[in-house]
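> My structure is below; once you've seen it, I'll send some questions.
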Amino acid sequence: MGSLDANCIASPRGFSPLDIDDFRQQAHQTIEFICEYYKGIESHPVVPRWSPAISAVSSPSPPPPSPCHHPPGMTHWTNPNFFAYFPATLSSAALCGDLLASALNPVAFNWLSSPAVTELESLTLDWLAQLIRLPKGFLFSAGGGGVLQATTSEAVLCTLVAARKMVLERAGHDGADKLVVYASDQTHSTFAKACKIADLFSLRPDSLRAAMEADAAAGLLPVYVCATVGTTSSTAVDRWPSWPRWPAASAPGCTSTRRTRAAPASAPSSATIWTGRPGRLHQHEPHKWLLTGLDCCCLWVRDRPRLTTSLSTDPEYLKNRATESGLVVDYKDWQIGTGRRFRALKLFMVMRCYGTANLQSHIRSDVRMARGFEEMVAADTRFEVVVPRRFALVCFRMRPRRAGADGEAEADAANRRLLEEVTNSGRIYATHTVIGGIYVIRFAVGTTLTEERHVKAAWELFRAKADAAWEAAR
């Protein structure tokens, strides 16, 4: 991968951490390094040939007294042969936006601390809400609005806290040990993490209506339902049931839906709704499919006070007339922490520079390439597509060569070996999941630089190593 010249970090005139001339020199060298990196990105193994034995954690050392090089141990997420997890897309506009945001370095916890940062975030979230065709109730002009969070985990946690507060305000705090939440077994792990933090951990993957009715009859308080549409593991889609309308005192909680809309302009996302009133909250991650780079997670609400009253703080040192007027947005009350980055600038630049049509084209291209990969898998009798492809993820495996439990165990071992061989080659990177008890290879298309030739080459690599993987797994 190479590294920057250590001398570009050392100031020739003594320590001056924000000397403009030094910065100009360092920035030019850094940009040149980035450009050369992307020009040759396909020459690097997607996954580094490192082992835990050389980890910095296992080999501690003191911090360097002077500038030094860093060893090339990166997993190259922007490599066009990266097909693991879900992609973390990036673009020139996002890179420039991040650079500007870092240079300005505002800490925009409330409107007064940086009015332009708050206003740009509100504007950009309204733009994106319209681009993905959210109902108008999610716009600031209609009493709703959006906020940028770092990750889905934080967005889900905020909505869980709001749901819990609303339920306990009506049912009383004696009901705190009766709260129950629901999700399928394919729901993203961030939901389980949020439940742990909020002290809510009753995940129920069985029949939702029956479970909720049984729990309500037992005196429990349904507070949050997380149904999945487009899961991370397999892009599974739950059938949306006919939601019961619970009495306001027993279950005024949240329902969360993980969604990935294929057209006309979409990205992996989550939506959250209040029970009996669909579409109260919606969560969406532009850093996965909309070219913004990590981190950029959007959360919209129809009813701002539902969220902000559960998270707001008002210390004396932050009081000001703008906040007291009630006419401005203080984003510290929309999130767990107080300080926040200028995330909106890179999202604003992506939308402003590329426009809706180009973003739609980017997503449709990924879906088309994934469809082509699925067709190649289906055409080889040694393989099978395990679940129907939705969007840009293909879940497949080598077929068992004999029936029964022993045949399935052999197939699991062979597919595990196949994925290891492909990954160890350094030519591509894919990951696995377990669906219905069987080992499955995940192939996710979506990295910014990926083209059809990369998808075809990846499939040829799987095909070439398939038979040897079977023999080695025996």
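Residue numbers (the numbering used here): 1 to 474.
Ideal Cβ positions, reconstructed from N, Cα and C, are used throughout, including at glycine.
1) Are the beta-carbon atoms of R302 and R280 separated by less than 9 Å?
2) Would you decide whether S113 is buried or exposed? Buried here means 16 or more other CB atoms lie within 10 Å of its CB.
3) Would you say W111 lies against chain B (beta-carbon separation less than 9 Å)?
4) For V233, count neighbouring C-beta atoms within 10 Å of its own C-beta (all shown protein chains included) and say buried if the count is 16 or more, exposed if not.
5) Within this structure, are the beta carbons of K346 and D98 separated by less than 9 Å?
6) Pull up the CB-CB distance for W300 and A129, whole angstroms please, since I reckon it's below 8 Å.
7) Would you report the Cα separation of E374 and M398, rounded to the nearest angstrom?
8) With 16 as the cutoff for other CB atoms within 10 Å, does R321 come out buried or exposed?
9) Suppose you measure from the CA of D380 to the CA of L461; what does that come to, to the nearest Å?
10) Can you tell which of R352, T313, M349, A357 has the C-alpha that lies nearest to the C-alpha of G337?
11) Looking at the structure shown, is W470 part of a helix, part of a strand, or coil, going by DSSP?
12) With the cut-off set at 9 Å, would you say V503 and A392 are in Cβ contact?
13) Measuring alpha carbon to alpha carbon, tell me which of M369, L160, R209 ends up nearest A457.
14) Report buried or exposed for G339, applying the criterion of at least 16 other Cβ atoms within 10 angstroms of its Cβ.
15) Can you list the alpha helix (DSSP H) stretches of 4 or more residues lying completely in the segment 341-384, in chain order?
16) For P327 and C158, which I take to be in contact (beta-carbon distance under 8 Å), what is that distance rounded to the nearest angstrom?
17) Do T122 and F140 have their C-beta atoms closer together than 9 Å?
18) Between the Cα of S153 and those of F443, Q335, A430, spot the shortest distance and give me the residue it belongs to.
19) Going straight from the alpha carbon of P135 to that of T124, what length do you get?
20) Report the rounded CA-to-CA distance for N79 versus R341, giving the unit in angstroms.
21) What residues in its chain sit with their C-beta under 8 Å from that of H28, if we drop five residues either side in the sequence?
22) Would you report the Cα separation of L179 and A163, rounded to the nearest angstrom?
23) Which word fits C298, buried or exposed, when buried means at least 16 other C-beta atoms lie within 10 angstroms of its C-beta?
24) For R24, I'd like the list of residues in its chain whose CB is within less than 6 Å of its CB, leaving aside the five on either flank, ordered along the chain.
25) Between the C-alpha atoms of C353 and I34, what's the straight-line distance to the nearest angstrom?
26) Nearest-angstrom Cα distance between P486 and G407?
27) Is C395 near I428, with beta carbons less than 9 Å apart?
28) If I measure Cβ to Cβ from W127 and keep anything under 7 Å in the same chain, skipping five residues before and after, which residues do I get?
29) For A198, count neighbouring C-beta atoms within 10 Å of its own C-beta (all shown protein chains included) and say buried if the count is 16 or more, exposed if not.
30) Given a cut-off of 9 Å, decide if C296 and R371 are closer than it, judged by their beta-carbon atoms.
Let me lay it out:
1) Sequence index remark: in the sequence shown, residue 302 carries index 302 (1-based). Sequence index remark: in the sequence shown, residue 280 carries index 280 (1-based). It is a contact, given that the beta carbons lie within the stated cut-off.
2) If you number the sequence shown from 1, residue 113 lands on position 113. It is buried - the Cβ of S113 has at least 16 other Cβ atoms within 10 Å.
3) You won't find chain B in this structure, because it holds only one protein chain.
4) As a working note, residue 233 is residue 233 in the sequence shown. Rather than Val, the amino acid found at residue 233 in this sequence is Ser. With 16 or more other Cβ atoms within 10 Å, it is buried.
5) Reading the sequence shown from its first residue, position 346 is the one you call residue 346. Reading the sequence shown from its first residue, position 98 is the one you call residue 98. Yes, Cβ-Cβ distance for K346 and D98 is below 9 Å.
6) Within the sequence shown, the letter at position 300 stands for residue 300. Within the sequence shown, the letter at position 129 stands for residue 129. The pair is a contact, with the Cβ atoms about 6 Å apart (cut-off 8 Å).
7) Here the question's residue 374 lines up with position 374 in the sequence shown. Here the question's residue 398 lines up with position 398 in the sequence shown. The straight-line gap from Cα to Cα measures roughly 13 Å.
8) To locate residue 321, count along the sequence shown from 1; it is residue 321. It is exposed - the Cβ of R321 has fewer than 16 other Cβ atoms within 10 Å.
9) Within the sequence shown, numbered from 1, the residue matching residue 380 stands at position 380. Within the sequence shown, numbered from 1, the residue matching residue 461 stands at position 461. If you take the alpha carbons of D380 and L461, they lie about 13 Å apart.
10) What you label residue 337 is simply residue 337 of the sequence shown in a count that begins at 1. Measuring from the Cα of G337, the nearest candidate turns out to be T313.
11) Here residue 470 refers to the residue found at position 470 of the sequence shown. If DSSP states are grouped into helix, strand and coil, W470 belongs with the helices.
12) Nothing about residue 503 can be reported from this structure: the residues present for the chain run from 1 to 474 only.
13) Within the sequence shown, residue 457 is the residue found at index 457, counting from 1. Cα-wise, what sits closest to A457 is M369.
14) As a position in the sequence shown, residue 339 is number 339, starting the count at 1. The residue in question, G339, is exposed, as its Cβ has fewer than 16 Cβ neighbours within 10 Å.
15) 344-379
16) Position 327 of the sequence shown, counting from 1, holds the residue named residue 327. Position 158 of the sequence shown, counting from 1, holds the residue named residue 158. According to the sequence provided, residue 327 is Leu. The question's Pro does not apply to it. L327 to C158, Cβ: 23 Å. No contact.
17) Locating residue 122 in the sequence shown gives position 122, counting from the first residue. Locating residue 140 in the sequence shown gives position 140, counting from the first residue. Residue 122 is actually Ser in this sequence, not Thr. Yes, they are a contact pair.
18) Counting from one through the sequence shown, the residue named residue 153 turns up at place 153. Closest by alpha carbon: Q335.
19) Sequence index remark: in the sequence shown, residue 135 carries index 135 (1-based). Sequence index remark: in the sequence shown, residue 124 carries index 124 (1-based). Distance between the alpha carbons of P135 and T124 is about 16 Å.
20) Position 79 of the sequence shown holds residue 79. Position 341 of the sequence shown holds residue 341. Approximately 27 Å, taken between the alpha carbons.
21) By 1-based counting over the sequence shown, the position of residue 28 is 28. Result list for H28: empty, nothing under 8 Å.
22) As a working note, residue 179 is residue 179 in the sequence shown. As a working note, residue 163 is residue 163 in the sequence shown. Going by the C-alpha atoms only, they are around 10 Å apart.
23) Reading the sequence shown from its first residue, position 298 is the one you call residue 298. It counts as buried.
24) Numbered from its first residue, the sequence shown carries residue 24 at position 24. Excluding sequence neighbours, R24 sits near nothing in its chain.
25) Numbered from 1 along the sequence shown, position 353 holds the residue referred to as residue 353. Numbered from 1 along the sequence shown, position 34 holds the residue referred to as residue 34. Cα-Cα distance, rounded: 20 Å.
26) With the chain running from 1 to 474 in the structure shown, residue 486 is simply not present.
27) Walking along the sequence shown from the start, residue 395 turns up at place 395. Walking along the sequence shown from the start, residue 428 turns up at place 428. Cβ distance not < 9 Å, so C395 and I428 don't count as in contact.
28) Start at 1 with the first residue of the sequence shown, and residue 127 comes out as number 127. Around W127: M351.
29) Translated into positions along the sequence shown, residue 198 becomes position 198. Reliability fails at A198, whose pLDDT of 45 lies under 50, so the model's placement of it is uncertain and the value that follows must be treated cautiously. A198 should be labelled buried.
30) Looking up residue 371 in the sequence shown gives position 371. Looking up residue 296 in the sequence shown gives position 296. No, the Cβ-Cβ distance between R371 and C296 is not below 9 Å.
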